[in-house]
Amino acid sequence: NAGVTQTPKFRVLKTGQSMTLLCAQDMNHEYMYWYRQDPGMGLRLIHYSVGEGTTAKGEVPDGYNVSRLKKQNFLLGLESAAPSQTSVYFCASSYSTPGTGPAGTFGSGTRLTVV
Amino acid sequence: RKEVEQDPGPFNVPEGATVAFNCTYSNSASQSFFWYRQDCRKEPKLLMSVYSSGNEDGRFTAQLNRASQYISLLIRDSKLSDSATYLCVVPTPNDYKLSFGAGTTVTVRA
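Protein chains in written order, with the working numbering: chain A, 1 to 115; chain B, 1001 to 1110.
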């Protein structure tokens, strides 16, 4: 009954450091997404994937890279962290074509602080 | 204009009360709409889907007004456990984009 699992749950980075956030889903979903949530703002899409080996830019992709080498995993990388990337990051996956079904099942989030 | 706008609240209501709030959207071509619930420091979870004029699930009723481009969520007989932030989500037709409102916070007090 895992659903969508995100690791790590918390992280503090220094400016300029790099890190990778891992998202794993066990529901055989085709579509996977990375969002960031900031106070007073709705979730904003960073990158998404419509299947294994594919990735695409979302609304706020700058400063992030992604990879989907396996269907069940979607990785989000920060090459050189900046304080503006302090946020809560959510991964989601869905079975339906975006726009025709719910936004998907979300992971529990990663709270990232960049100092 | 933001694509999805919500009254941030907070709405503070006593147990047993009815509370309702709206979400306005800008894309008139949008066909489907969703309400998600997000508890403090937790992930969003799907509460209701709205594909036509409305939907009802127990104490929760969602209504769609296409002419005025808004959806509403009504909670009857509020419970303490209904305290949460409610997110309005509107997909963009023929696109992978989902627009999220910033959320409406509801606090139910004993």
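We put the CB at the ideal spot given by N, CA and C, even for glycine.
Cβ of residue i within 7 Å of any chain B Cβ
i: residue 90 of chain A; result: yes
i: residue 8 of chain A; result: no
i: residue 18 of chain A; result: no
i: residue 106 of chain A; result: yes
i: residue 48 of chain A; result: yes
i: residue 53 of chain A; result: no
i: residue 2 of chain A; result: no
i: residue 21 of chain A; result: no
i: residue 75 of chain A; result: no
8 Å contact criterion, which residue i and residue j should meet: CB distance rounded
i: residue 1004 of chain B; j: residue 1099 of chain B; result: 4 Å
i: residue 35 of chain A; j: residue 43 of chain A; result: 4 Å
i: residue 1088 of chain B; j: residue 1006 of chain B; result: 5 Å
i: residue 51 of chain A; j: residue 1102 of chain B; result: Incorrect: roughly 31 Å between the Cβ atoms, too far for contact.
7 Å Cβ cutoff met for residue i and residue j
i: residue 1023 of chain B; j: residue 1075 of chain B; result: no
i: residue 3 of chain A; j: residue 110 of chain A; result: no
i: residue 12 of chain A; j: residue 113 of chain A; result: yes
i: residue 1021 of chain B; j: residue 1104 of chain B; result: yes
i: residue 68 of chain A; j: residue 49 of chain A; result: yes
Neighbour flag for residue i against chain A, beta carbons, 7 Å
i: residue 1009 of chain B; result: no
i: residue 1034 of chain B; result: yes
i: residue 1056 of chain B; result: no
i: residue 1102 of chain B; result: yes
i: residue 1089 of chain B; result: yes
i: residue 1025 of chain B; result: no
i: residue 1014 of chain B; result: no
i: residue 1096 of chain B; result: yes
i: residue 1074 of chain B; result: no
C-alpha distance - residue i paired with residue j, whole-angstrom precision
i: residue 957 of chain B; j: residue 1049 of chain B; result: Residue 957 of chain B is absent from the structure shown; chain B starts at 1001 and stops at 1110.
i: residue 1064 of chain B; j: residue 1083 of chain B; result: 23 Å
i: residue 59 of chain A; j: residue 10 of chain A; result: 24 Å
i: residue 1056 of chain B; j: residue 84 of chain A; result: 40 Å
i: residue 62 of chain A; j: residue 1092 of chain B; result: 22 Å
i: residue 1081 of chain B; j: residue 1095 of chain B; result: 35 Å
i: residue 19 of chain A; j: residue 75 of chain A; result: 10 Å
i: residue 77 of chain A; j: residue 1039 of chain B; result: 27 Å
i: residue 81 of chain A; j: residue 22 of chain A; result: 16 Å
i: residue 16 of chain A; j: residue 65 of chain A; result: 15 Å
i: residue 1015 of chain B; j: residue 1108 of chain B; result: 6 Å
i: residue 1034 of chain B; j: residue 1085 of chain B; result: 14 Å
i: residue 1097 of chain B; j: residue 45 of chain A; result: 8 Å
i: residue 1017 of chain B; j: residue 72 of chain A; result: 43 Å
i: residue 1008 of chain B; j: residue 90 of chain A; result: 21 Å
i: residue 1060 of chain B; j: residue 1073 of chain B; result: 7 Å
Exercise for the section: Entirely within the region 54-88 of chain A and at least 3 residues each: give me those beta strand (DSSP E) ranges in chain order. Expected result: 64-67, 73-78
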